[in-house]
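Colleague: Okay, handing you the structure first.
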Amino acid sequence: MELPGIAENKFSVSGDVNRYEFDEDYYEQPRIFYKKVLNKEERARLEQNIFDSIKDCFDHIQDRALKNFGQVDPEFGNRLRKMIDNYKAQKASLKL
């Protein structure tokens, strides 16, 4: 990505060097890991660990995290969203 007014750091190399623009799919590797490497129980533990880590974060942080996990796998993101929504509802009912 070109950023006007931003200079590249200088560094020394030997041989031919070039810079290429590329658009990687940053979600392919975690998608394969989640869907093909982990079994059902391991996915459930991963979801629980992530939920435990973000359940008390600010909403905007949760939303960003859930967007990323949803790009790995929509069901992954949906399950985490449901866990957080249930947690928030339960927490709100305790305040009544």
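Residues in the sequence shown are numbered from 1 upward in steps of one, following the UniProt record's numbering. Virtual Cβ for every residue (Gly too), placed ideally from N, Cα, C.
Rounded to the nearest angstrom, how far is the Cβ of F58 from that of I84, given a contact under 8 Å?
Modeller: The pair is not a contact, with the Cβ atoms about 12 Å apart (cut-off 8 Å).
Colleague: Could you spell out where the alpha helix (DSSP H) holding I54 opens and where it closes?
Modeller: Its alpha helix (DSSP H) spans residues K40 to I54.
Colleague: Classify G77 as helix, strand or coil using the three-state DSSP reduction.
Modeller: helix
Colleague: Report yes if the CB atom of Y34 is closer than 7 Å to the CB atom of K55, and no otherwise.
Modeller: No, the Cβ-Cβ distance between Y34 and K55 is not below 7 Å.
Colleague: CB-CB under 7 Å to L71, same chain, minus the five flanking residues each way: which ones, in chain order?
Modeller: Checking the sequence, you will find Gln at residue 71 rather than Leu. Answer for Q71: Y27, listed in chain order.
Colleague: Is it buried or exposed for L80, if we count other Cβ within 10 angstroms and need 16 for buried?
Modeller: buried
Colleague: If we ignore side chains and look at the alpha-carbon of each, how far apart do E24 and K91 end up?
Modeller: 39 Å
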